[in-house]
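Sequence order for the protein chains is A and B.
Read left to right, the first sequence gives residues 1 to 126 (the numbering used here).
Read left to right, the second sequence gives residues 1001 to 1126 (the numbering used here).
No residue lacks a Cβ here, since even glycine has one placed at the ideal position from N, Cα and C.
Model, not experiment: these values are computed from the prediction.
A quick write-up on the structure given underneath.
Number of protein chains: 2
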Amino acid sequence: MTPDQLVRHFIQLIESKDLEGALALIDEKCEYDNVPMRKVFGPEGVRETLAPFIASCSEIDWVIHHQTSSGDATSGVVMNERTDRFKMGDRWVEVPLMGIFTIANGKITLWRDYFDLAMFQKAISG
Amino acid sequence: MTPDQLVRHFIQLIESKDLEGALALIDEKCEYDNVPMRKVFGPEGVRETLAPFIASCSEIDWVIHHQTSSGDATSGVVMNERTDRFKMGDRWVEVPLMGIFTIANGKITLWRDYFDLAMFQKAISG
């Protein structure tokens, strides 16, 4: 998979709630930074952040509006503009954001999402 | 200029406080969206948003950490991860963000910046 394909595959795994499959693409030293919140490191950090979130949603749909990348077949930088949608109870929570991923040797070594925390909290509280 | 070069040139014009030069790269129907704040349209919308801001800064330094793009020689999508730095009085205000630009026929038709408004306000208030 190219870096572009790897990020699309990673997001598909999250949408299908296959956390273990997604974590297999995370480098041991990966930095996962939700910029207005906190950063964590490695597959365990990603698991601690995403597992409770995935458990609280009945459906996950992360819409990639645009995605661009640079690099070669196995390493590079990927950026996307997304609307991350989560079904909580009867309604969909939607968060507009941009994300950057760096890929090295087929693993995600950085994942940083930029969004407005107040918009996110307001979307969750409904 | 390719879309990638055009965005870098646009940012250099803002850094040199050449607002008229920057506005010449903005399409008549351009959408300029500071996601957690508001969106404006066209060169006049960009002018109304940026002119007071530029006037309030003694120096502007927008650091592009990563930039990727797709498209051809005159049209495409450009995304970057930046730290936008503004010198206000004696100190530098820094805002971490990601931006997306679409370019059509050598003009910017969309410019959307994603950041956390509370981080921005806190940086300004010092």
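Please identify, using Cβ separations under 8 Å, the residues of the stretch 1077-1096 of chain B that lie next to chain A, in order along the chain. V1077, V1078, M1079, N1080, E1081 and P1096
State the Cα-Cα distance for the pair Y1114 of chain B and D116 of chain A, rounded to the nearest angstrom. Position 114 of the second sequence, counted from the start, is the residue given in the question as residue 1114 of chain B. Position 116 of the first sequence, counted from the start, is the residue given in the question as residue 116 of chain A. Rounded to whole angstroms, Y1114 of chain B to D116 of chain A spans 7 Å at the Cα level.
What residue from A:N34, A:P52, A:D33 and A:S58 has the CA that sits closest to G89 of chain A's CA? Along the first sequence, read from residue 1 onward, the residue named residue 89 of chain A stands at position 89. The shortest Cα separation from G89 of chain A among A:N34, A:P52, A:D33 and A:S58 belongs to A:S58.
Measure the alpha-carbon distance for T2 of chain A versus S69 of chain A and round it to whole angstroms. Here residue 2 of chain A is taken as the residue at index 2 of the first sequence, counted from 1. Here residue 69 of chain A is taken as the residue at index 69 of the first sequence, counted from 1. Near 10 Å, if we compare the C-alpha coordinates of S69 of chain A and T2 of chain A.
Can you name the residues that DSSP bridges to A1104 of chain B? Numbered from its first residue, the second sequence carries residue 1104 of chain B at position 104. For A1104 of chain B, which the question treats as bridged, DSSP gives the partners B:K1107.
Restricting to runs no shorter than 3 residues, where is the beta strand (DSSP E) found entirely within the stretch 10-51 of chain A? Whole beta strand (DSSP E) segments, 3+ residues: 26-34 and 38-41.
Looking at chain B, is there any beta carbon in it that lies within less than 8 Å of the beta carbon of T68 of chain A? The residue you call residue 68 of chain A lines up with position 68 of the first sequence. True, the Cβ-Cβ gap to chain B drops below 8 Å.
For the beta strand (DSSP E) containing F1120 of chain B, name the first residue and the last one. Translated into the one-based positions of the second sequence, residue 1120 of chain B becomes position 120. Looking at the DSSP string, F1120 of chain B is not in any beta strand (DSSP E); the run it does join, the alpha helix (DSSP H), is L1117 to S1125.
Against M1001 of chain B, what residues of chain A qualify as contacts under a CB-to-CB distance less than 7 Å, listed in chain order? The count along the second sequence starts at 1 and reaches residue 1001 of chain B at position 1. Simply none; closest approach about 17 Å.
I'd like the span of the beta strand (DSSP E) that includes R1089 of chain B, first residue to last. As a working note, residue 1089 of chain B is residue 89 in the second sequence. A small correction: the amino acid at residue 1089 of chain B is Gly; Arg does not occupy that position in the sequence shown. Counting along the chain, G1089 of chain B sits inside no beta strand (DSSP E), nor does DSSP assign it H or E at all.
Using the three-state DSSP reduction, which class does D1004 of chain B fall into: helix, strand or coil? The residue labelled residue 1004 of chain B in the question sits at position 4 within the second sequence. It is helical.
Kindly examine the ligand GDP and report whether one of its heavy atoms sits closer than 7 Å to the Cβ of E48 of chain A. Only the bare structure without any ligand can be found here, which leaves the ligand GDP out of the picture.
So with Cβ pairs under 8 Å, would you call I1100 of chain B a contact of chain A? For this step, residue 1100 of chain B is matched to residue 100 along the second sequence. Output row for I1100 of chain B: interface = yes.
Between A:V78, A:F53 and A:R38, which lies nearest to T109 of chain A when the distance is taken from Cα to Cα? Taking the first residue of the first sequence as 1, we reach residue 109 of chain A at position 109. When each option's Cα is compared against that of T109 of chain A, the closest is A:V78.
Do W92 of chain A and Y32 of chain A count as a contact pair if the criterion is CB distance below 8 Å? Numbered from its first residue, the first sequence carries residue 32 of chain A at position 32. Numbered from its first residue, the first sequence carries residue 92 of chain A at position 92. Going by C-beta atoms, Y32 of chain A is not nearer than 8 Å to W92 of chain A.
Could you confirm whether any beta carbon from chain A is found closer than 8 Å to the beta carbon of D1116 of chain B? For the purposes of this step, residue 1116 of chain B is taken as the residue at position 116 of the second sequence. By this cut-off, D1116 of chain B is an interface position.
Specify whether the stretch 32-42 of chain A and the stretch 1031-1047 of chain B touch according to this definition: at least 3 beta carbon pairs, one from each stretch, less than 8 Å apart. The stretch 32-42 of chain A, when compared against the stretch 1031-1047 of chain B, does not touch it at the 8 Å Cβ threshold.
Need the endpoints of the beta strand (DSSP E) that S1069 of chain B sits in, please. Along the second sequence, read from residue 1 onward, the residue named residue 1069 of chain B stands at position 69. Per DSSP, S1069 of chain B is one residue of the beta strand (DSSP E) stretching across E1059 to G1071.
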